[in-house]
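See below for the structure under consideration.
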Amino acid sequence: MQKSKVQLFLLHFAGGSRYSFEFLKEYLLYEVEFIPLELPDRGKRFGETLIRDKEIAVRDYCKQIKSLRNSNKPYIIYGHSMGATLGISVASFMQKIGDEPEALILSGNSGPGTLPIDNEGNDIPKKMRYLMNAVDFKNELIELGGAPEEVLNNKEIYEFFDPILRADFEVLEKETTYTEEDIRINVPIHALMGTEEKTSNQITNWQRFTTEKIQYSILEGNHFFIHNHVEKLSEVITAYTRVKALQL
Numbered sequence: 008m009q010k011s012k013v014q015l016f017l018l019h020f021a022g023g024s025r026y027s028f029e030f031l032k033e034y035l036l037y038e039v040e041f042i043p044l045e046l047p048d049r050g051k052r053f054g055e056t057l058i059r060d061k062e063i064a065v066r067d068y069c070k071q072i073k074s075l076r077n078s079n080k081p082y083i084i085y086g087h088s089m090g091a092t093l094g095i096s097v098a099s100f101m102q103k104i105g106d107e108p109e110a111l112i113l114s115g116n117s118g119p120g121t122l123p124i125d126n127e128g129n130d131i132p133k134k135m136r137y138l139m140n141a142v143d144f145k146n147e148l149i150e151l152g153g154a155p156e157e158v159l160n161n162k163e164i165y166e167f168f169d170p171i172l173r174a175d176f177e178v179l180e181k182e183t184t185y186t187e188e189d190i191r192i193n194v195p196i197h198a199l200m201g202t203e204e205k206t207s208n209q210i211t212n213w214q215r216f217t218t219e220k221i222q223y224s225i226l227e228g229n230h231f232f233i234h235n236h237v238e239k240l241s242e243v244i245t246a247y248t249r250v251k252a253l254q255l
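Here the sequence shown is numbered in our numbering, starting from 8 and rising by one per residue.
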């Protein structure tokens, strides 16, 4: 009988919260200790000051993980989109303090330093979504495909989420160079992306950030393909957790 569970820390996408992974929870309930984290001013942290800086966001996540760690248990990190970008830095920090994860699972993201490419093979400049006007910003959210219609079409609800989304995009976009360039972790990475994501053909970029050989999967769908591939995502997670759980 399994004596204990591997800890799973989940890092949400822009505009998300600890509740963003409820769709996945039932598939992992008996496999892991399911620990969704969240940045300030959303979910259970509503009312706290929004974070607009990547380094501060990484420190916030690391502080949460350290406070929730059971040093006798292995753990893994899973992050989607913004959570993937922050996840590589979180894993790097945790490695530096001698408590690195067993694996890093990243989705909806081809890793720092990649840009979409146009039909002529030229890089498309990084968008500054947090600076967009209201119309362009909403259109961008529609293109990404993750915002529910009840949010986009309800003025009061949309105005509530707008500053949270802009703060999260600012965390990702305001740097002129990416700060993760020198990160090398000794942790396996499994990356997943949707076929409709513009940089899915650059998914092997994640290899630059780990000394281990990466694994990757490209699945049918847009940026939020994970909602249509819950079983595959749960299989990827449990592939790393079951072996460790049996060793506890």
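Note that the Cβ used here is the ideal one computed from N, Cα and C, for glycine as well. Values in this document were obtained by computation on a predicted structure and should not be read as measured data.
Contact set for residue i: own chain, Cβ-Cβ below 6 Å, skip 5 residues either direction
i	result
E55	P47 and D48
K239	none
P123	I131, K205 and T206
A154	L148
S88	F20, G115 and N116
Cut-off 7 Å between Cβ atoms - residues of its own chain near residue i, not counting five sequence neighbours on either side
i	result
G94	L18, I84, G86, L111 and L113
Y165	V158 and L159
L75	I42
Q214	I221
Reference residue i; option with closest CA among the options
i	options	result
S117	T245, H230 and R249	H230
D130	T245, Q209 and Y34	Q209
V119	I225, I221, E227 and T206	Here residue 119 turns out to be Pro, not Val, going by the sequence shown. Ranking I225, I221, E227 and T206 by Cα distance to P119 puts T206 first.
T248	F16, Y137, E38 and S24	E38
I225	S11, R215, H236 and M101	H236
R59	G115, L138 and I244	L138
G23	K162, E45 and T92	E45
I221	H197, I233, D125 and S241	H197
G182	L57, E62 and Y82	Per the sequence shown, the amino acid found at residue 182 is Glu instead of Gly. The candidate whose alpha carbon is nearest that of E182 is E62.
P108	S78, D125 and K133	S78
E227	T211, E203 and V243	E203
L151	I244, L31 and G115	G115
I104	R173, I72, E29 and A64	I72
K51	K12, T92, R25 and T184	R25
E29	H234, K80, N140 and F100	H234
Buried or exposed by the 16-neighbour rule on C-beta atoms within 10 Å, applied to residue i
i	result
D175	buried
D67	buried
P170	exposed
G201	buried
T92	buried
F232	buried
E177	buried
F100	buried
Residues near residue i by beta carbon distance below 8 Å, same chain, minus five either side
i	result
T217	L111, R191, I192, N193, V194, P195 and I196
Cβ-Cβ separation, residue j to residue i (assumed contact under 8 Å), whole Å
i	j	result
S27	F16	About 13 Å separates the two Cβ atoms, so there is no contact after all.
S241	L35	6 Å
E163	K134	E163 to K134, Cβ: 27 Å. No contact.
Q14	K80	5 Å
Quiz item: Are the stretch 188-204 and the stretch 130-145 touching by the rule of at least three beta carbon pairs closer than 8 Å?
Solution: Between the stretch 188-204 and the stretch 130-145, the count of C-beta pairs closer than 8 Å stays below three; the two stretches do not touch.
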